[in-house]
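In what follows, a single structure is set out as C-alpha cells and then discussed.
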Amino acid sequence: MYLLREIAMDSSRKTRNRVACRRCQRRKIRCDGNLPSCGSCQKAGVPCVNDGKQEVHRVYIANMEHRIRWLESLVRENCPNVDLSQGPGNERQLDDRAPTGTPGDHIGVESAAQSPHPEPRGHVDDENTTSQQLRDQPIAPVTTRAVHDEPQQAHEIGLVSLSSGGDPRYIGPSSGYFFANRIFFSVGRRSNQSIATANISGSTSLSAELLNMPASLPRKESAVELSTRYFQSIHFMYPFLHEPSHMETIDRVYTSREENPSDIFQVFMVLAVAALNLSRQCKVHLPVEGYYTAAMKYVDHICGDTSMAGLQSLLLLMVYALHNPSCSLNIWNLNYQCLASLIDLGLQRDVRASPSFQISVLDQEMRTRVFWVAYTFDRAICTMMGRPIGVRDEACDLRFPMDISDRNLVNPDNAQRVEQESSSHLSHSIHLFKLARMNSEIKYIMHSISRDTPAYAYPPVMDIFAWQQDMIHSLQDWLSKIPRPVDNGDDKMVRLCKIKYHETMILLLRPSPGISTPSDQTLDICFHQAVDLIRGLGELYRSGNLLYSRLVVHSIFLSTLVMLHCIWKLPETAAKCQVDELVSDINISQNILSSIGEYWTEANRARDCIGELSSVTIQRLLKSDPTVGLRSSPIQVNRRPRISDSRGPEMVGNYRAHFQDQRDIAQENNSIGVEGSNAHLIYPIQSQDDTGVSYGPVNLFDDFLQGGFQGWSGMSDIDGLMWEFFH
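According to the numbering used here, the sequence shown holds residues 1149 to 1875 in order.
In C-alpha cells form, the structure reads like this:
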C-alpha cells in the first residue's frame, strides 16, 4: 500500500518538463536530458533515474533479471570461451556504486527504449545485462495506480516466475506473498544481489550417483527404534499410520521372502522421515537420502495403487517433502494426488451412515484419521501458497476421529469405553484438526478473491467485522481447551498447539482481501500474536523439539515481517516496544532460520532479509533516543545470532481489556517520564506555533514506509525466495 501511495504522490507532481530526471526535478534545476546520465547527475556522481510517465514494474524487472542470469549461465556452460564481461551494456554506475533510490525510482520505459545503454541495477560482474537483451524482451505497459486502488494490493493477481524459463505460477493472498512484497518494495530496491542469488558459476555440485545411492535395510532392531522415533514425533501431528500395524509390516518385510512394494515403500519412507529429524536433532549422519532413494524404486507401484495403503504412502511422501525441502517433490501436485485418492476412496463421507457397508472399528477410524490428515495438509499448503482449497467443507461429513490410542484401537470391545475414560496421544491431533477447520473458514471468508457470492452458495457474511470478532472468541476458546499432556509427559504438543493458534490469529488479523486495511487496534493484536509466535518457536527450538519444515520457515519469516511492519505503522506499538526485547525476538527468528539454513540454504536468504530490515529498524530507534542504547542489551543483529531467553506465550482471555490496559500504562509512563518506555520517541510534547496550529504525534518510520529510509540497501528477490518455499 505504501508503494502505491508513493506512486500516487509521484503521479500528482507537476510535469512541466518530462525530459528532466528525477533528481533534477526534485532539486528544481534545469536538466540537459543527456543519456545515459544527465550532466548534473554525472557531475555529482550519482545515478540518473528517468521520471517518465510509464514505469517498469519491479516484478517484471526481477523476472527479466532471472531469465538473463539463466541465459548467461547457459552461455558459461556451453560457450566457456565467450567473455560475458565484454560487449554492450557493461558500463557500470558512476563510482561503481549501485542505485539506492526510493520505490518510485524506476527506469522509464520510454527512455529505456531510446537509450543505447540502459542503466544497470547493481549486479555483480558476471550478471551485467546487454541493451539488446533488454530491447528484445517485450515491455508490458504499466499504468500508474491511484490511491483508491490501494486495497487491491491485498489480493493482487500473483503470477510469479518461480523457475528459470518456466511459466508463471500463481501465489495468492493468504500466503503473505504480497504482504511481504509491499514491505520490501516500499523500503527500496537491492544494491547487492549477492544475498539474493547463489553464485552459479562458482558453485560445485556433487555427482547425483553419490547423493542418491539406495541404502539397504538396517538391522531389524534399528528399524524398530527409528520407527518408534517416528511415532513419537511426526505421528502426534499426522496420525495417518497405525503403529501396531506398521510394526507388523516391518516383521513381514524382514521375514517374508516375497517383496511387497507397498510394505517396503512404507518401511523405507518411515525410516527416511525418522532419520531426517533424528540426524538434525542429534547432529549425527544417517542415510536419509539413501532410505528415500530406496523407497522411490517402488514409487511406480504406489502411484497406481488407489487404496488406503497407497494414500498412506502418498502422505508419507508429503511429510518427507515438507520436512526436507531439498528433495525434488512438488508439494502442490502431491497434495492434489492425495485429494484425488481421498475422494476416490470416499474418505470424505462417514461410512457409519451406510448400514449396507460393514466395516471394523479399526478401518473406520483409520479412514477418518487419514481424511483429517489430508484435509489438514490441504488447508496448510493452500494457505501457505495462497491458492484455492482443494476439497470444500460442504462436500465432507467432517466427523472427527475417536480419542483412542493406536493400541486400544485394535480391541473394538474396549474402544468406546477407553474413549470416555481418558485422553490419548490423539487428543492433540484432534484438537489441531478442529483448528484446521477454523483455518478453512478464515480462508473462505477473509481470503476469497471474489467478494460477490453466487446465489447457489451459502449466505454471505454481511458484517465481516462482527464475524472476525466471533472468530477471535472461537480461537480463544479453542486455546483454553488445549488438552493437557498425557500422564504429565512432555508438553511439546501443548506448545505446538499454541504456536498454531498464533499462526491462525495472524492469518485472521493481517491485511486480507476481506479487510484490506485493518484498524490500528487489530494490527496491535496482530503484533502481539507475532511476538508470541516467535517466542513459542524459540522455546521449541531450545528444547530440541522443533521439527524443521517449509511450514516453519514460512511461519517464522512471515511473523517477523508482521512484527516489524506493525512497529513501523503503529506509533503506539513502537512506543511500547523495548529495544532489547525486540533484538531478542529478532535473534530468535534469525537463529532458527540459521539452523534450518544448514540443511536448506533458502532459509539463510530469509534470515538475511530479516537481518537487514531489523538492523535499520533498530538503528532508527537507537538514533532517535541515545538513552535507549544505555538501557538496551548490546546485541549485534547483523552477525549470526545466538538465541536468548524470552518469555513464552501467555494465555490471554480478553484481548481488548489487555491491550487497553497496556495503552493506558504506556500513556501514564509517558506523562510521568518513566524509563523503560519508548513512548517519548513517538509522542513528543504537544506544541503550538505562532499560528496556534498544534503538532501531533510523529511516526519515526514515516520515511521508511514512504521508501526513503537511509541505510537500507533493499530486499533480495522475493520471487526467488518464494520459489524455494513452494517448489
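Just so it is clear, CB atoms sit at the ideal spot from N, CA and C, and this is done for glycine as well.
(message) Taking only three categories from DSSP, how would you classify N1198?
(response) DSSP places N1198 in strand when its eight states are reduced to three.
(message) Which residue wins for smallest C-alpha separation from I1673, given the options H1576, L1655 and G1686?
(response) Checked all of H1576, L1655 and G1686; the closest Cα to I1673 is L1655.
(request) Please confirm whether V1483 and F1525 have their CB atoms less than 8 Å apart. (result) What sits at residue 1483 in the sequence shown is Asn, not Val. The beta carbons of N1483 and F1525 sit closer together than 8 Å.
(request) Indicate whether the contact test is met: 3 or more Cβ pairs, each with one atom in the stretch 1384-1395 and one in the stretch 1433-1448, closer than 8 Å. (result) Taking 8 Å as the limit for Cβ pairs, the verdict is that the stretch 1433-1448 does not touch the stretch 1384-1395.
(message) Would you say the beta carbon of Q1380 is closer than 7 Å to some non-hydrogen atom of the ligand PLP?
(response) Ligands displayed in this structure: none; no statement on the ligand PLP is therefore possible.
(message) Taking only three categories from DSSP, how would you classify C1172?
(response) Helix at C1172.
(request) Using 10 angstroms around the beta-carbon of F1413, count the other beta-carbons present and answer buried if the total reaches 16, otherwise exposed. (result) Classified as buried, F1413 has 16 or more neighbouring CB atoms from the shown chains inside 10 Å of its CB.
(request) Give the single residue among A1723, K1445, I1479 and S1393 whose Cα lies nearest to the Cα of D1511. (result) Here the closest residue by C-alpha is S1393.
(message) If you reduce the DSSP assignment to three classes, tell me which class C1757 lands in.
(response) The DSSP-derived three-state label of C1757 is helix.
(request) Identify the continuous alpha helix (DSSP H) that holds R1377 and give its terminal residues. (result) K1368 to F1379 is the extent of the alpha helix (DSSP H) around R1377.
(message) Rounded to whole angstroms, what is the Cα-Cα separation between S1375 and V1418?
(response) For S1375 and V1418, the distance between alpha carbons rounds to 6 Å.
(request) Would you decide whether A1168 is buried or exposed? Buried here means 16 or more other CB atoms lie within 10 Å of its CB. (result) That one is buried.
(request) Could you give the DSSP three-state label for C1179: helix, strand or coil? (result) Collapsing the DSSP output to three states places C1179 in coil.
(request) State the Cα-Cα distance for the pair S1427 and P1184, rounded to the nearest angstrom. (result) Those two C-alpha atoms are separated by around 55 Å.
(request) Apply the 10 Å Cβ neighbour rule to S1504 and answer buried if 16 or more other Cβ atoms are within range, or exposed otherwise. (result) With fewer than 16 Cβ atoms within 10 Å of its Cβ, S1504 is classed as exposed.
(request) Return the CA-CA distance between T1708 and K1582, expressed in angstroms with no decimal places. (result) Rounded to whole angstroms, T1708 to K1582 spans 26 Å at the Cα level.
(request) Quick one: measure Cβ to Cβ for Q1090 and I1758, integer angstroms, because I've assumed they're closer than 8 Å. (result) Because residue 1090 is not part of the residues shown, which for the chain are 1149 to 1875, the question remains open.
(message) Quick check on DSSP: helix, strand or coil for M1610?
(response) M1610: coil per DSSP, three-state reduction.
(request) Using only alpha-carbon positions, find the residue among N1182, S1667, V1521 and M1586 that is nearest to L1462. (result) Nearest C-alpha to L1462: V1521.
(request) Report yes if the CB atom of A1614 is closer than 8 Å to the CB atom of V1701, and no otherwise. (result) Not in contact: A1614 and V1701 (Cβ atoms no closer than 8 Å).
(message) Considering only the alpha carbon of each residue, which of I1590, N1472 and K1629 lies closest to Q1616?
(response) When each option's Cα is compared against that of Q1616, the closest is I1590.
(request) Rank M1456, R1377, R1405 and S1410 by C-alpha distance to the C-alpha of L1424 and give the top, closest one. (result) The shortest Cα separation from L1424 among M1456, R1377, R1405 and S1410 belongs to R1377.
(request) State the start and end residues of the unbroken alpha helix (DSSP H) segment that holds C1674. (result) Here the alpha helix (DSSP H) through C1674 covers D1668 to R1690.
(request) Assign L1222 to one of three DSSP states: helix, strand, or coil. (result) Under the three-state reduction of DSSP output, L1222 falls in the helix class.
(message) Rounding to the nearest angstrom, what Cα-Cα distance links T1765 and D1600 in this structure?
(response) Annotation: T1765 to D1600 spans about 40 Å, alpha carbon to alpha carbon.
(message) Quick check: what's the CA-CA separation for I1734 versus N1472?
(response) Going from the Cα of I1734 to the Cα of N1472 covers about 25 Å.
(request) For L1644, count neighbouring C-beta atoms within 10 Å of its own C-beta (all shown protein chains included) and say buried if the count is 16 or more, exposed if not. (result) Buried, because 16 or more other Cβ atoms sit within 10 Å of the Cβ of L1644.
(message) Contact between the stretch 1711-1725 and the stretch 1677-1685 is defined here as three or more beta-carbon pairs at a separation below 8 Å; is this criterion met?
(response) Yes, since at least three Cβ pairs between the stretch 1711-1725 and the stretch 1677-1685 fall closer than 8 Å, the two stretches touch.
(message) Let me make sure I understand the geometry here. Which of Q1429, V1509 and S1697 has the alpha-carbon closest to that of A1469?
(response) The option with the nearest alpha carbon to A1469 is S1697.
(message) So, for D1243: in the same chain, excluding its five sequence neighbours on each side, which residues have a beta-carbon less than 8 Å away from its beta-carbon?
(response) Low local confidence applies: a pLDDT of 41 at D1243 is under 50, so the model's placement there is unreliable, with the coordinate-based value given in what follows. Closer than 8 Å at the Cβ level, and outside the excluded window around D1243, lie G1193.
(message) For the alpha helix (DSSP H) containing L1738, name the first residue and the last one.
(response) In the sequence as presented, Leu is not what sits at residue 1738; that position holds Gln. For Q1738, the enclosing alpha helix (DSSP H) starts and ends at V1727 to G1745.
(request) Leaving out five residues on either side along the sequence, give the residues of the same chain with a beta carbon under 8 Å from the beta carbon of W1626. (result) Non-local beta-carbon contacts of W1626 in its own chain, meaning distances under 8 Å to residues more than five positions away in sequence, involve H1579, K1582, L1583, M1586 and Y1649 in chain order.
(message) Suppose the cutoff is 6 Å on Cβ atoms and the five residues either side in sequence are ignored; what does the same chain contact list for R1400 look like?
(response) Closer than 6 Å at the Cβ level, and outside the excluded window around R1400, lie D1411.
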